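To start, the structure itself, in structure tokens.
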Amino acid sequence: MTLNTLTAHELFDLIKAKQTNTKSIQAALLDQIQKTDHKVKAYVRVFENGETASAPETGIPIAIKDNICIKNTETTCASRILKGFKPPYDATVIKKLRNAGTSFIGHVNMDEFAFGSSTENSYYGPTRNPWNLDCVPGGSSGGSAAAVASHEAIWALGSDTGGSIRQPAAFCGVVGLKPTYGRVSRYGLIAFASSLDQIGPITKDVTDCALLLNIIAGHDEYDSTSAEMAVPDYTRALLKDVKNFKIGIPKEYFIEGLDPEIKSAITAAIENLKKQGATFKEMSLPHTEYAVATYYIVATAEASSNLARFDGVQYGLREQPFPARRTPLIDMYEETRDKGFGAEVKRRIMLGTYALSAGYYDAYYLRGQKVRTLIKNDFDKIFEECQAILTPTAPTTAFKIGEKSSDPLSMYLSDIYTISANLAGIPAISIPCGFAKNGLPIGLQIMTKPFDEETLLRIAYTYEQNTDWHKRKVSL
Amino acid sequence: MISKDDVRYVAHLSRIHLQDQEVERLSKDLENILHYVEKLQKVDINNIKQTTHVLPLKNVFREDVVRTSLKQGEVKGLTQNWQSDSFKVPQVIE
Chain A
11 MTLNTLTAHE
21 LFDLIKAKQT
31 NTKSIQAALL
41 DQIQKTDHKV
51 KAYVRVFENG
61 ETASAPETGI
71 PIAIKDNICI
81 KNTETTCASR
91 ILKGFKPPYD
101 ATVIKKLRNA
111 GTSFIGHVNM
121 DEFAFGSSTE
131 NSYYGPTRNP
141 WNLDCVPGGS
151 SGGSAAAVAS
161 HEAIWALGSD
171 TGGSIRQPAA
181 FCGVVGLKPT
191 YGRVSRYGLI
201 AFASSLDQIG
211 PITKDVTDCA
221 LLLNIIAGHD
231 EYDSTSAEMA
241 VPDYTRALLK
251 DVKNFKIGIP
261 KEYFIEGLDP
271 EIKSAITAAI
281 ENLKKQGATF
291 KEMSLPHTEY
301 AVATYYIVAT
311 AEASSNLARF
321 DGVQYGLREQ
331 PFPARRTPLI
341 DMYEETRDKG
351 FGAEVKRRIM
361 LGTYALSAGY
371 YDAYYLRGQK
381 VRTLIKNDFD
391 KIFEECQAIL
401 TPTAPTTAFK
411 IGEKSSDPLS
421 MYLSDIYTIS
431 ANLAGIPAIS
441 IPCGFAKNGL
451 PIGLQIMTKP
461 FDEETLLRIA
471 YTYEQNTDWH
481 KRKVSL
Chain B
17 MISKDDVRYV
27 AHLSRIHLQD
37 QEVERLSKDL
47 ENILHYVEKL
57 QKVDINNIKQ
67 TTHVLPLKNV
77 FREDVVRTSL
87 KQGEVKGLTQ
97 NWQSDSFKVP
107 QVIE
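Chain order of the listed sequences is A and B. Residues 11 to 486 (our numbering) are what the first sequence spells out, left to right. Residues 17 to 110 (our numbering) are what the second sequence spells out, left to right.
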């Protein structure tokens, strides 16, 4: 038995029975990272000395996406512009993990500023999919998902703005949850799109997902958008029972572009849940075809504003000397941002700035915000009748490294099934539901109404306990 | 149509200096993306309110109590351009 291949709840049991301890788990993880991370490249920073560990250590070490601030530890969003940036405070989720006795195994790779669906847009280079090293792990939390799948981490935190937890979880055959907007504090998460971002768990199974959500959820006075609602014990939702649950199947998610193998895996999952007593009904989310377009206006507009702070003055990189073009200060801003940001970051800042600029604001940003309302209304309508919605997480399995990097639009369309949950603010989970003939994992997405993570976890748990997909392990 | 001058203008608004080949590529990329986004013009948005935020939150206040904030020295890890307890910047006033 190697400790690093176990789940967090199995390890908690072993710790309780005094059969292992945090130090041994940490050692097993560092050993695995040593053995396999030169292939997977999930980590951008490994905390070998455990210098950021808390005492007393009773928790299970965790991998943290490189956009979540750990005090006095370099945190870079996988961007050159934040090179050397050491935040003077912990993100609230980090503080909560410390209080739970958790230590941090390292920062994991991501698309720069979480802009991407493949973890190829990283200053540190791409992460690889543990199931096939020629493929992407998905993104933007690709490092988190790849680390968990390759047993270089027991569990991890990611962030999800348009699918950045769920799509890599699907591509890597692990569990990924985007909580309801406002369920988890965003304080200390370096912002991408503030009305869409949520931090969430990436784990080996649904039980670990509930355990991690228990630790990180809750109101935070440092995030005025976090909800003042009590946090239930999510492990109590882990019941193997979906009798009398009515689940909606949105027909717009089963159209051209969906890989037939994924379609049949989802159909099999539906049959499985039917046997457990759930009923299904075909429903409609009529504005689905506008979701990607809406997202790329709203998200880039918010991003262009959020990333304005990276100007060479207060954070990380400053590029010099500057060729004299305008004034010394403006030249410094422009030069720093030219050299500090990668191509996709520039593209999105430009798109967002364009959508917010005089003369275009009404046609793009304002219109996008109104279409967002229509997308949200579609979900509200389904939840009047159904407790949950079931869909594929992604239209394809993991694609090849380089396959979509020259065509931004085709990359954006790989998020077609995940984006709407962020626009509507609802919780959504991806769990493993099969493998394609090419050996790559397939993900099943479940969505529920806001703050009903319990129903979401219950359906996910019931399905998981009736299948073995989550038990398949990568050999590297 | 996104001209190269449009791209240069938006780049200036974004405070990003672009190399000539980047201007060329970005004008094509933005053109493609905006063409795709054009589909939003077909949606009937009459009498629809905008969603800036999904939760029904208003006026989030905390108690008006004085608290200590970060001390000057604590923020020096943000950047290497920290000198004499200040952020050092290029000349601003001529």
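Don't be surprised by glycine CBs; every beta carbon is placed ideally from N, CA and C. Computed from a predicted structure; not experimentally measured.
{"Item": "Opening and closing residue of the alpha helix (DSSP H) in which residue 452(A) lies", "Value": "Element bounds for residue 452(A): not the alpha helix (DSSP H) but the beta strand (DSSP E), 451–458."}
{"Item": "Nearest-angstrom beta carbon gap, residue 53(B) and residue 99(A) [assumed within contact, 8 Å]", "Value": "Contact doesn't hold; Cβ gap of about 37 Å is too wide."}
{"Item": "Extent of the continuous beta strand (DSSP E) to which residue 289(A) belongs", "Value": "289–293"}
{"Item": "Test: residue 7(A) CB closer than 8 Å to a CB of chain B", "Value": "The requested residue 7(A) does not occur in the structure, where chain A is confined to residues 11 to 486."}
{"Item": "Bridge partners - residue 208(A), DSSP secondary structure assignment", "Value": "170(A)"}
{"Item": "Other residues of its chain near residue 440(A): CB distance less than 6 Å, five sequence neighbours each side excluded", "Value": "176, 179, 180, 186, 403, 453, 455"}
{"Item": "Chain-ordered chain B contacts of residue 348(A) [CB-CB under 8 Å]", "Value": "32, 33, 34, 35"}
{"Item": "Beta carbon proximity, residue 344(A) to chain B, threshold 8 Å", "Value": "yes"}
{"Item": "7 Å Cβ cut-off: residues of chain B touching residue 237(A)", "Value": "71"}
{"Item": "Residues within the stretch 314–326 of chain A neighbouring chain B, beta-carbon criterion of under 7 Å", "Value": "314, 321, 323, 324, 325, 326"}
{"Item": "Classification of residue 260(A) by the beta-carbon crowding that lies within 10 angstroms, buried from 16 upward", "Value": "buried"}
{"Item": "According to DSSP, residues forming a beta bridge with residue 107(B)", "Value": "Its beta-bridge partners do not exist; DSSP assigns none."}
{"Item": "Reduced DSSP secondary structure (H/G/I, E/B, other) of residue 252(A)", "Value": "coil"}
{"Item": "Spatial distance of residue 4(B) from residue 37(A) (CA atoms)", "Value": "Residue 4(B) is absent from the structure shown; chain B starts at 17 and stops at 110."}
{"Item": "Beta-carbon neighbours of residue 31(A), restricted to chain B and to distances below 7 Å", "Value": "Neighbours of residue 31(A) on chain B: none; closest Cβ ~32 Å, over 7 Å."}
{"Item": "Residue 283(A) versus 469(A), 485(A), 29(A), residue with shortest Cα-Cα distance", "Value": "469(A)"}
{"Item": "Opening and closing residue of the beta strand (DSSP E) in which residue 399(A) lies", "Value": "398–402"}
{"Item": "Euclidean distance between Cα positions of residue 92(B) and residue 334(A)", "Value": "28 Å"}
{"Item": "Inter-residue spacing [alpha-carbon to alpha-carbon] between residue 24(B) and residue 323(A)", "Value": "23 Å"}
{"Item": "8 Å contact criterion, which residue 264(A) and residue 273(A) should meet: CB distance rounded", "Value": "6 Å"}
{"Item": "Extent of the continuous beta strand (DSSP E) run through residue 155(A)", "Value": "Looking at the DSSP string, residue 155(A) is not in any beta strand (DSSP E); the run it does join, the alpha helix (DSSP H), is 152–159."}
{"Item": "Proximal residues of chain E, C-beta to C-beta of residue 378(A) below 7 Å", "Value": "Going by chain labels, chain E is absent from the structure shown, which instead holds the protein chains A and B."}
{"Item": "Identified DSSP bridge partners for residue 326(A)", "Value": "95(B)"}
{"Item": "Chain A contact residues for residue 91(B), given Cβ-Cβ distances below 7 Å", "Value": "98"}
{"Item": "Buried versus exposed, by CB contacts within 10 Å (16 or more), residue 23(A)", "Value": "exposed"}
{"Item": "Runs of beta strand (DSSP E) lying entirely within the stretch 419–451 of chain A, each at least 3 residues, in chain order", "Value": "438–445"}
{"Item": "Spatial distance of residue 118(A) from residue 109(B) (CA atoms)", "Value": "42 Å"}
{"Item": "Sequence-distant residues of the same chain with beta carbon closer than 6 Å to residue 70(A), five excluded per side", "Value": "18, 21, 164"}
{"Item": "Beta-bridge partners of residue 57(A), as assigned by DSSP", "Value": "Paired residues: none, contrary to the question."}
{"Item": "Rounded C-alpha distance that separates residue 150(A) from residue 338(A)", "Value": "35 Å"}
{"Item": "Below-8 Å beta-carbon distance, residue 45(B) vs any chain A residue", "Value": "yes"}
{"Item": "Residue nearest to residue 397(A) in terms of C-alpha spacing, selected from 224(A), 45(A), 291(A)", "Value": "291(A)"}
{"Item": "Beta-carbon spacing of residue 354(A), residue 131(A) below 8 Å", "Value": "yes"}
{"Item": "CB-CB length for residue 172(A) against residue 388(A), believed under 8 Å", "Value": "About 17 Å; that fails the 8 Å criterion."}
{"Item": "Spatial neighbours of residue 143(A) in its chain, beta-carbon cut-off 7 Å, leaving aside the 5 residues before and after", "Value": "49"}
{"Item": "Residues from the stretch 360–373 of chain A in contact with chain B, defined by Cβ distance under 8 Å", "Value": "360, 361, 363, 364, 367, 373"}
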